[in-house]
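Have a look at the structure below before the remarks.
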Amino acid sequence: MRRMFSIATAALLSLALVTGCGATGGQKSAEVIKVGGNLELSGGAAAFGQYAEKAIKLAFDQQNAKGGVLGKQLEYVSADNKSDPGESTVASTKLATQNKVVAILGPMTSGNTLAAVQVVTDSKVPLITPTGTSDNVTFENGKVKPWIFRACFIDPFQGQVAANFATDTLKAKTAALFIDQKGDYSKGLATSFKENFERSGGKIVEEEQYVAGSDLDFRATLVRIKASNPDVVFVPGYYQEVGLIVKQAREMEMKQTFMGGDGWGSPQLVDVAGAAALENTYYVNHGAMDDPGMTQFIKDFKEKYSSEPDTFAALGYDTANLLIKAIENAGGTESENLRSALENMKGFQGISGELNVDPATHNPVKSAAILQFKDGKSVFMTKVNPK
Amino acid sequence: MGNVTEQVLQQIVNGLSLGSIYALVALGYTMVYGIIKLINFAHGDVMMVGAYAGWFATTTLHLSFIPALLIAMVVSAILGVLIERIAYKPLRNATRIASLITAIGVSFFLEYGGMLVVSPQMRTYPPVFPDTIWNVGGIIIKYGDIVMILTSIILMILLHVIVKYSKIGKAMRAVSFDNEAALLMGINVNNTISATFAIGSALAAAAGVLMGVYFNTINPLMGIIPGLKAFVAAVLGGIGIIPGAMVGGFFLGLTESFVSGLGASTWRDAVAFLILILVLIIKPSGLFGKNIREKV
Numbered sequence: 597m598r599r600m601f602s603i604a605t606a607a608l609l610s611l612a613l614v615t616g617c618g619a620t621g622g623q624k625s626a627e628v629i630k631v632g633g634n635l636e637l638s639g640g641a642a643a644f645g646q647y648a649e650k651a652i653k654l655a656f657d658q659q660n661a662k663g664g665v666l667g668k669q670l671e672y673v674s675a676d677n678k679s680d681p682g683e684s685t686v687a688s689t690k691l692a693t694q695n696k697v698v699a700i701l702g703p704m705t706s707g708n709t710l711a712a713v714q715v716v717t718d719s720k721v722p723l724i725t726p727t728g729t730s731d732n733v734t735f736e737n738g739k740v741k742p743w744i745f746r747a748c749f750i751d752p753f754q755g756q757v758a759a760n761f762a763t764d765t766l767k768a769k770t771a772a773l774f775i776d777q778k779g780d781y782s783k784g785l786a787t788s789f790k791e792n793f794e795r796s797g798g799k800i801v802e803e804e805q806y807v808a809g810s811d812l813d814f815r816a817t818l819v820r821i822k823a824s825n826p827d828v829v830f831v832p833g834y835y836q837e838v839g840l841i842v843k844q845a846r847e848m849e850m851k852q853t854f855m856g857g858d859g860w861g862s863p864q865l866v867d868v869a870g871a872a873a874l875e876n877t878y879y880v881n882h883g884a885m886d887d888p889g890m891t892q893f894i895k896d897f898k899e900k901y902s903s904e905p906d907t908f909a910a911l912g913y914d915t916a917n918l919l920i921k922a923i924e925n926a927g928g929t930e931s932e933n934l935r936s937a938l939e940n941m942k943g944f945q946g947i948s949g950e951l952n953v954d955p956a957t958h959n960p961v962k963s964a965a966i967l968q969f970k971d972g973k974s975v976f977m978t979k980v981n982p983k
Numbered sequence: 052m053g054n055v056t057e058q059v060l061q062q063i064v065n066g067l068s069l070g071s072i073y074a075l076v077a078l079g080y081t082m083v084y085g086i087i088k089l090i091n092f093a094h095g096d097v098m099m100v101g102a103y104a105g106w107f108a109t110t111t112l113h114l115s116f117i118p119a120l121l122i123a124m125v126v127s128a129i130l131g132v133l134i135e136r137i138a139y140k141p142l143r144n145a146t147r148i149a150s151l152i153t154a155i156g157v158s159f160f161l162e163y164g165g166m167l168v169v170s171p172q173m174r175t176y177p178p179v180f181p182d183t184i185w186n187v188g189g190i191i192i193k194y195g196d197i198v199m200i201l202t203s204i205i206l207m208i209l210l211h212v213i214v215k216y217s218k219i220g221k222a223m224r225a226v227s228f229d230n231e232a233a234l235l236m237g238i239n240v241n242n243t244i245s246a247t248f249a250i251g252s253a254l255a256a257a258a259g260v261l262m263g264v265y266f267n268t269i270n271p272l273m274g275i276i277p278g279l280k281a282f283v284a285a286v287l288g289g290i291g292i293i294p295g296a297m298v299g300g301f302f303l304g305l306t307e308s309f310v311s312g313l314g315a316s317t318w319r320d321a322v323a324f325l326i327l328i329l330v331l332i333i334k335p336s337g338l339f340g341k342n343i344r345e346k347v
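Protein chains in written order, with our numbering: chain V, 597 to 983; chain H, 52 to 347.
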């Protein structure tokens, strides 16, 4: 008797649950478009994700104020991947299956994006990474990953720009590499730098590795790099380690030019390394904040958050607007239509430059900027267009 | 090949300054183990709290190095005593595994509670030391290196004096030797254990502040790796033995520097833990340990 009762209760309860869900779910999807953000809100790359999220919210708010997309309001659902690939998979699953988002923005880093590929492919949710620059994020073994997109250029291009700058402008003959042992991003950048640098007659005199997230003391390895006396030290890492590396190198009286990629692009780099240590350093980035196209965005961002945006915020903003444009082009949020709208995106005017998606690889064709540190500020040096 | 000697000497300087941090943290591990046979896995996180207290003192209160160091030590000492009273004392007569798991729980509590309170992003210390750098025949010595090594040596001497000559030190040694007999002799065992936690935590806080000032960056998870390394150092020297922890710390710092200096930087952590395994196989009681048969 008691058992019968409990079964009946359970049945009733689950029925209530099902109908309850159905009703609210149905109403909601008619009014709002849910977009997920799988971002690095904590952990080693937190500065990237936090800025991008602020920019995405800004873009959505601006669009909603204009009446939304196709008459519907945009709703942003946040998920923190803690800068960890495992957590990135979990966050994507949650967004795709529980929150039923139409698209996912993020993660910021290549490793975390790769960890989300399987989940979003299975559940047919388009994913756009603002800054996942590793070349295998969208394209691997001669096949494009149908549901993965990005709003940034790729690592081989970044490495190529850096290597050409080192040989042509800095007239460097020798270079040392200092690579994050675990990072797909760091390795990818180093490989293409090495290829292009050697092709133009340069020589890699030393190759060393570190472990991001746990190493704080790089002096022992820097002693070796110093002994090999290169013209340029290429450190394709993220700001936290890069800051410590440059600081410790300068303390050891290494006067070489240090170079890196877009992982350097955070104001926190200056806090860690100090303005003096960053003299004679250059990095490749997606755009420069002193580019005139950014002015309006910087003004809006400051108004809302009373802090300066960085390039990651700018790319987050572009990513959000890219999705809005794609939803408009697709005429709705049906996943297959949305996917093909993203794939055939042409002439999108982002604040970091014009963007055209290559349907064969999902890689955008866009320009890169080279920046230099002067008195603790990144200064725009030159813009490099894709060949 | 003057270059090679130069590199070797430079690695010794690097290793000593790194080792002094491990030694300071290892002391806390070893003291707590010596007195209640508990591996306090939250110790690295107490170090983190100390680093944040020091950061707060230097940025918000604009204090200089020594007052900031003292504030951090006091804050962590109080935290250490609280942790002991709240989390470990009720379990003093429980199985060892229960206390060990509680210690891991406290560790997570501090790490992720810390993330909630101070946010997960890293913080940077303001420049506390002058940027003076001495170049002694090609070997570069920073002002920070000297401060780090000196501070740890002074604290270690102080600890030695306390343990050897003060009343509380005698009580600690008595409790460590035989808890119940000490109780029968009229020693307040609870206060003695609290004092041990306070001293150990204060030393960890000093290490935290030194690390923050030296590497200029702190975050809520900064205690994990140095905590583990210090644990290795404590075991290496013989856990429960105070001079062992100091020697173990410096030994580990030097080993890491030399392994990286030989170009095997990616093997550095592997070597540290390999040493731990070898010590446990060859001389389980550690370098300074005596082989005492456990009472059954």
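Using N, Cα and C, we set each Cβ at its ideal position, and we do this for glycine too. This structure is a prediction, so every number in the text was calculated from the model and none was measured.
Residue i at chain H interface by Cβ criterion, 9 Å
{"i": "Ala643(V)", "result": "yes"}
{"i": "Leu874(V)", "result": "no"}
{"i": "Thr653(V)", "result": "Per the sequence shown, the amino acid found at residue 653(V) is Lys instead of Thr. So no, Lys653(V) is outside the interface."}
{"i": "Ala823(V)", "result": "yes"}
{"i": "Glu849(V)", "result": "yes"}
{"i": "Ser625(V)", "result": "The pLDDT assigned to Ser625(V) is 47, lower than 50, so where the model puts this residue is not dependable; a value taken from the coordinates is nonetheless given after this. So, not an interface residue."}
{"i": "Ala675(V)", "result": "no"}
{"i": "Tyr672(V)", "result": "no"}
{"i": "Tyr834(V)", "result": "no"}
{"i": "Ser810(V)", "result": "yes"}
{"i": "Gln805(V)", "result": "yes"}
Close Cβ partners of residue i (< 6 Å) along its chain, the five nearest in sequence each way excluded
{"i": "Leu234(H)", "result": "Val240"}
{"i": "Asp971(V)", "result": "Ala871"}
{"i": "Gln623(V)", "result": "With a pLDDT of 42 at Gln623(V), under the threshold of 50, the modelled position of this residue cannot be trusted; read the value that follows with caution. Excluding residues within five positions, none has a Cβ falling inside 6 Å."}
Residue i burial status per 10 Å Cβ neighbour count (16 or more: buried)
{"i": "Val715(V)", "result": "buried"}
{"i": "Gly621(V)", "result": "Because Gly621(V) carries a pLDDT of 39, less than 50, the predicted location of this residue cannot be relied on, and the following value inherits that uncertainty. Looking at its Cβ environment, which holds fewer than 16 other Cβ atoms inside 10 Å, Gly621(V) is exposed."}
{"i": "Thr247(H)", "result": "buried"}
{"i": "His113(H)", "result": "exposed"}
{"i": "Glu904(V)", "result": "exposed"}
{"i": "Val975(V)", "result": "exposed"}
{"i": "Thr111(H)", "result": "exposed"}
N-terminal and C-terminal residue of the alpha helix (DSSP H) that residue i is part of
{"i": "Ser308(H)", "result": "293-312"}
{"i": "Ile219(H)", "result": "218-228"}
{"i": "Val157(H)", "result": "147-169"}
{"i": "Arg319(H)", "result": "319-333"}
{"i": "Glu683(V)", "result": "681-689"}
{"i": "Glu899(V)", "result": "891-901"}
{"i": "Trp106(H)", "result": "94-110"}
{"i": "Gly856(V)", "result": "Taken as a continuous stretch (DSSP letters only), Gly856(V) belongs to no alpha helix (DSSP H), being part of the beta strand (DSSP E) at 853-856."}
Chain V within 9 Å of residue i, Cβ atoms only
{"i": "Pro181(H)", "result": "no"}
{"i": "Val169(H)", "result": "no"}
{"i": "Phe309(H)", "result": "yes"}
{"i": "Asn239(H)", "result": "no"}
{"i": "Leu234(H)", "result": "no"}
{"i": "Leu327(H)", "result": "no"}
{"i": "Gly131(H)", "result": "no"}
{"i": "Leu161(H)", "result": "no"}
{"i": "Pro178(H)", "result": "yes"}
{"i": "Asp320(H)", "result": "yes"}
{"i": "Ser316(H)", "result": "yes"}
{"i": "Met99(H)", "result": "no"}
Bounding residues of the beta strand (DSSP E) (the contiguous stretch that carries residue i)
{"i": "Val673(V)", "result": "669-676"}
{"i": "Lys630(V)", "result": "628-635"}
{"i": "Ser974(V)", "result": "973-980"}
{"i": "Ala772(V)", "result": "770-776"}
{"i": "Phe830(V)", "result": "828-830"}
{"i": "Glu802(V)", "result": "799-806"}
{"i": "Asn239(H)", "result": "Here Asn239(H) belongs to no beta strand (DSSP E), and DSSP marks it neither H nor E."}
Beta-carbon proximity list for residue i, same chain, < 8 Å, skipping 5 on both sides
{"i": "Phe266(H)", "result": "none"}
{"i": "Gly667(V)", "result": "none"}
Any chain C beta carbon closer than 9 Å to residue i
{"i": "Glu939(V)", "result": "No chain C is present in this structure, whose protein chains are V and H."}
Residue i: CB within 8 Å of a non-hydrogen atom of the ligand MN
{"i": "Ile332(H)", "result": "In terms of ligand content, the structure shown is empty, and the ligand MN therefore cannot be addressed."}
Contacting residues, own chain, Cβ-Cβ under 7 Å from residue i (five flanking each side not counted)
{"i": "Met166(H)", "result": "Pro271"}
Within 9 Å of chain H by C-beta, residues of the segment 872-903 of chain V in sequence order: Ala872
Taking beta-carbon pairs under 9 Å, can you tell me which members of the segment 743-769 of chain V lie near chain H? none
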